[in-house]
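Here is the structure we will look at, set down as structure tokens.
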Amino acid sequence: MRRRGEIFGTIDRTTVLLYLMLVVYGWLSIYSASAGDQSVWVFDLSQRYGKQLIWIGLALLLAFTILIIDAKFFSTFAYVFYFLMLIILVGVLLFGKTVAGSKSWFEIGNVALQPAEFAKFATALALAKYLSTRNIDLRNLKNKVVAVTILAAPAVLILLQNDTGSALVYFAFVLVLFREGLSGLIIVAGVLMAALFITTIIWGEIYVSAALVILMALGFLISQRLRKIRMPLIAILALSIVFVFSVNYGFQHILEPHQRVRIQIMLGLKKDIHGAGYNVNQAKIAIGSGGLTGKGFCKGMLTQNHFVPEQSTDFIFCTVGEERGFLGSAVLILLFLALLIRIIMLAERQRSAFSRIYGYGVASVLFFHFTINIAMTIGLAPVVGIPLPFFSYGGSSLWAFTILLFIFIKQDANRLNVL
Amino acid sequence: MFVFIALVFLARLFYLQVASNQYKLSARNIALRTIIEYPPRGRIFDRNHQLLVYNDAVYDLMVIPRQVNNIDTMKFCRLLQIDKDFFIRQMKKARHYSYYKPSVFLKQLSKKEKGPIEEIMYEFPGFYFQTRMLRHYPHPVAAHLLGNVGEVNQRDLKRDQFYRQGDYIGKSGIERYYEKVLRGKKGSRIVEVDVHNNVKGEFQNGRFDTLAVPGTDLTLSLDEKLQAYGEKLMQNKVGSIVAIDPASGEILAMVSSPTYDPNLLVGRPRSKNYMTLLHDSLNPLINRAISGTYPPGSTFKLVNALIGLQDKVITVNTPFTCQGTASKPIACSHNHVSPLRLEEAIALSCNSYFWKTFKRIINNPAFENNHLAYEDWYKKVISFGFGHRFNTDIPFEKPGNIPTRNYYDKLYRGSWNALTIRSLSIGQGEILVTPVQLANLAVIIANQGTYISPHFLTAMSGNDTLSARFKSIHKVDIDQAYFKIAKHSMEDVFAGAEGTARFYKLDSLTQAGKTGTVQNPHGADHSIFMAFAPVDHPKIALAVVVENAGFGSVWAAPIASLMMEKYLRGGTKRKRLEKRILQGDLIHHLKQRKK
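Protein chains in written order, with our numbering: chain A, 1 to 419; chain B, 1001 to 1595.
Encoded structure:
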């Protein structure tokens, strides 16, 4: 056994510092978003900022616990965590409590826990464990299927809980697969599909299909090389057109009405500032009114008067935007950017494939949350109910992200011990 | 990739927060509410500090639909005396406007109507009362000239940024003319509100708030008692009375009949009453004292006499003959002594005399031709205040008409002479004057050649620069000496053995006057009288017009006499005369005929 001082001596202080800065910044924002007019006692447990202080305390305790546990513990029991989590997710489906339409909460006493949040680190562990196993090669179809299944299982269960946002997070792990040898073509295909999806919704399937055919015809006319591979290209064209037509069907029939409207609003096809577009519109106004330097702590006209729904949870960024202005928002974005880059740097210096893959998993999840959450508050993405890591109010999300991050910090601290 | 996303975010945030102004404005619109503090409108007093117009509180029942729940609708409707359909309709309207913002549920409840429900308002969450000020008239007189107040229309809103939808504005009369001083200055408070429209506090500690400044109180020259008496004398008659203090030009009374109770045009019944008044066949909304124009008839003979004297084409002793009803080119209304001199001619209102005078004025050899002589006549007539507006605080006054030389040149292609325009000699033809202008003629003769433009305002609370402009003295282009003759002959109208108003002579008061019987192509002649009293130091000058009443001596003269007696002696002992006038009904046969 090594002495404890050594453990803390080897942990990456930059990451921990960034983590603490984000948590403190986040708590101040929650304080501002939920404090009323009355002068307040920060430990007032009836208020969100008071509770969040407790969650933060417990999160730090969790972090500390993870740091003193042997690093091998997580890789060894990765699958155990994973399957345990799957069972819990099934349990939620059966016995959970419904909040805001999602059956994704366990209520213990008066504390509600959201297992979907915790499933992320378990999945990241399992994926890392599987991909770091010897002889696993993502070019192999069977391995590919297993890897995707590891991701899909919790995603499907969460989807069944009617928590689309959290389920979408599992797409983030595709980044990990990419790093571990998944063909870049899949990413390209994904981007193309996304582009087709959006253009089809805007212009309709007929125009998009026609445009595709014309583009390809032009391509054949101009380029000798393209003509040589015309058979596969035509096959792709045919597939694309099928996709384009199915997009419309999917959009109209498979998506829930509220999801459909959110996408339409994001694309500017619909304006409904009193109904479905209310959130985003209020959020944009709150952020936009912040100006360069913001209105000052607890002085946001909109956030102080609760004009932005969900302003201490998913829309917490509005408080930052309004009260801290562009500079404060930029600080937040740069903090996240620094954290993400730091994690990737740490991941790349890992000796064990498990740690590296897990690191990429952590970065992917944080990146996805960060991107989607902020994009939705500033009207660049449809509204997807996922929290801003370390910022949004809520014990489950804070703890889950803390566990996610600190397992990686622990792995990193232990990297020199890996042979 | 991370950097790319971060840059996209930073660019977008820069656009939202720093580059674009739109969101800052929206934020103010959403989170700030400007609460307008309405100042009380200025009150209006008469010359004896009798309150004529003040503000009375009424209560708008407001509703915030979001807060309405679980109320006993039946009880609510019963207390307010409304039916259920009305309730449903108003709630729908309110919800349609806004779920969170208050809208008016029921307008302008009186204190009495509010009483039964006020005590149990807690049973009806979402409803509350908002106080509004309405005009109230303790003495229901002078409706025309005081004017009325109503909600602004689209034109008002466009023209003046001061007003918001639902504000009140002076629509006519004094209320309109002095709108800018009566309305005061609105105050405003900017407050922060939360998403439920609850006020959370002052925006930046009230740094941008302003206090309401109450409207200015006005004191008018009107004598409420005289006004009320005049309105009573004119009841069941169509016409007007204008009484002026000759020394100051202050209008003591301005009666237009038929009139109405100004309280009718206040509050909820306003629009209904307004339509009734608007469609009445006798046009009670018209202020005949300023927008009724009449040929002045015989009263104008005084003007021609004065111009003739000034031009030295006649003297006080010039005799003219009259063949009575057989006179040419203008017949006289009755046969009388002939030949006769100026003062007799005025007292007897001889047409022939003034035709001959007018002919001499127009054919005056002192002028190169008779058209130039006419121009000089025109200039002198204008100096009496005829043919143009006084432009004081009398709103909507008509200018009347004195035909210009150009007018006749065009009409007769340059070929006209005294004979062509002979009607002017006896105040008929194209000449049109308003009762105010006629009363002003009485003022001029009473003052022997000067007048101050007739006006209402005598004082304003606070700074008083407006009333100062009502002090300049106008001088008529006639020498003062000639007015003595006019004055004396007007005295003879009452005092003379053959004066047309000799039946209304008073021992206690010297009066001077002139009758007029105006030919009216549309029906019976108008009865006209102008007068002043006492003769030596006139305190009141007035004109009375009674439409379709025949001879001036029958209706207009006694009304003028009673008015002067009322003002100077406090009332009359001539009860029989008073009774005849009060009971005189010159309307209902007209109405029946129209039907």
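A virtual CB, placed ideally from N, CA and C, is assigned to each residue, including glycine.
Identity of the residues DSSP links to residue i by a beta bridge
| i | result |
| --- | --- |
| serine 1527 (chain B) | B:Thr1517 and B:Val1546 |
| tyrosine 1054 (chain B) | B:His1136 |
| phenylalanine 106 (chain A) | A:Leu113 |
| glycine 1201 (chain B) | B:Glu1192 |
| lysine 1404 (chain B) | The residue you asked about is not lysine; residue 1404 (chain B) is threonine in the sequence shown. DSSP lists no partner for threonine 1404 (chain B). |
| glutamine 1130 (chain B) | B:Asp1060 |
| tyrosine 1168 (chain B) | B:Glu1151 |
| phenylalanine 1532 (chain B) | B:Ala1512 and B:Ala1541 |
| phenylalanine 1045 (chain B) | B:Leu1051 and B:Thr1219 |
| alanine 1459 (chain B) | B:Thr1219 |
| valine 1433 (chain B) | B:Tyr1294 |
Three-state secondary structure (DSSP) of residue i
| i | result |
| --- | --- |
| isoleucine 316 (chain A) | helix |
| glutamate 1578 (chain B) | helix |
| serine 1327 (chain B) | coil |
| alanine 1212 (chain B) | coil |
| glycine 300 (chain A) | coil |
| glycine 1239 (chain B) | strand |
| lysine 1107 (chain B) | strand |
| lysine 1471 (chain B) | coil |
| tyrosine 1038 (chain B) | coil |
| lysine 1185 (chain B) | strand |
| histidine 1522 (chain B) | coil |
| glutamate 1250 (chain B) | strand |
| threonine 15 (chain A) | helix |
| isoleucine 136 (chain A) | coil |
| serine 1256 (chain B) | strand |
| leucine 1032 (chain B) | strand |
Same chain, Cβ closer than 7 Å to residue i, neighbours up to 5 away in sequence not counted
| i | result |
| --- | --- |
| leucine 226 (chain A) | Gly219, Phe220 and Leu233 |
| serine 39 (chain A) | The pLDDT assigned to serine 39 (chain A) is 49, lower than 50, so where the model puts this residue is not dependable, and the model offers no usable value. |
| threonine 293 (chain A) | Gly325 and Leu327 |
| isoleucine 66 (chain A) | Ile403, Phe406, Ile407 and Lys410 |
| cysteine 1077 (chain B) | Asp1083, Lys1084 and Phe1087 |
| glutamate 1192 (chain B) | Ala1031, Leu1032, Lys1200, Gly1201 and Phe1203 |
CB-CB length for residue i against residue j, believed under 8 Å
| i | j | result |
| --- | --- | --- |
| alanine 1512 (chain B) | phenylalanine 1532 (chain B) | 6 Å |
| alanine 1543 (chain B) | valine 1242 (chain B) | 5 Å |
| asparagine 1263 (chain B) | proline 1140 (chain B) | 6 Å |
| proline 1039 (chain B) | glycine 1150 (chain B) | Wrong, their Cβ atoms sit about 18 Å apart, outside the cutoff. |
| alanine 1065 (chain B) | tyrosine 1099 (chain B) | Looking at the sequence shown, residue 1065 (chain B) is not alanine but proline. Confirmed, about 5 Å. |
| valine 384 (chain A) | leucine 168 (chain A) | 6 Å |
8 Å Cβ cut-off: residues of chain A touching residue i
| i | result |
| --- | --- |
| alanine 984 (chain B) | Outside the displayed span of chain B (1001 to 1595) sits residue 984 (chain B), for which this structure offers no information. |
Proximal residues of chain B, C-beta to C-beta of residue i below 8 Å
| i | result |
| --- | --- |
| alanine 330 (chain A) | Leu1010 and Leu1013 |
| lysine 72 (chain A) | Result: empty, since nearest Cβ-Cβ is about 30 Å, beyond 8 Å. |
| leucine 337 (chain A) | Phe1002, Val1003 and Ala1006 |
Near the ligand FAD: residue i beta-carbon under 6 Å from a heavy atom
| i | result |
| --- | --- |
| alanine 363 (chain A) | Ligands displayed in this structure: none; no statement on the ligand FAD is therefore possible. |
Own chain partners of residue i with C-beta closer than 8 Å, once the 5 adjacent residues on each side are dropped
| i | result |
| --- | --- |
| leucine 1226 (chain B) | Ala1243, Leu1252, Ala1253, Met1563, Lys1566 and Tyr1567 |
| lysine 1594 (chain B) | Its pLDDT being 46, under 50, lysine 1594 (chain B) is placed unreliably by the model, and the measurement read from it follows with that caveat. Around lysine 1594 (chain B): Ser1281. |
| arginine 1405 (chain B) | His1371, Tyr1374, Glu1375 and Tyr1378 |
| threonine 1450 (chain B) | Ile1444, Ile1473, His1474, Lys1475 and Val1476 |
| leucine 160 (chain A) | Leu93 |
Where residue i meets chain A, residues with beta-carbon distance less than 7 Å
| i | result |
| --- | --- |
| isoleucine 1005 (chain B) | Thr371 |
| valine 1018 (chain B) | Gly291, Leu292 and Phe326 |
Proximal chain E residues relative to residue i, where beta-carbon distance stays under 9 Å
| i | result |
| --- | --- |
| lysine 1024 (chain B) | Of the protein chains in this structure, namely A and B, none is chain E. |
6 Å Cβ shell around residue i - same chain, five flanking residues per side excluded
| i | result |
| --- | --- |
| serine 396 (chain A) | Leu113, Gln114 and Glu117 |
| phenylalanine 307 (chain A) | Gln282 |
| glutamine 1090 (chain B) | Phe1105 |
Listed by chain order, chain B residues near residue i by CB distance under 7 Å
| i | result |
| --- | --- |
| leucine 340 (chain A) | Phe1002 |
| phenylalanine 367 (chain A) | Phe1002 |
| leucine 380 (chain A) | Arg1012 |
| isoleucine 374 (chain A) | Phe1009 |
| isoleucine 333 (chain A) | Ala1006, Phe1009 and Leu1010 |
Neighbour list for residue i in chain B, Cβ cutoff strictly below 9 Å
| i | result |
| --- | --- |
| glycine 321 (chain A) | Leu1013, Leu1016 and Gln1017 |
| isoleucine 386 (chain A) | Chain B residues near isoleucine 386 (chain A): none, gap ~15 Å exceeds 9 Å. |
| isoleucine 357 (chain A) | Under the 9 Å cutoff, chain B gives no residues; its nearest Cβ is about 18 Å from isoleucine 357 (chain A). |
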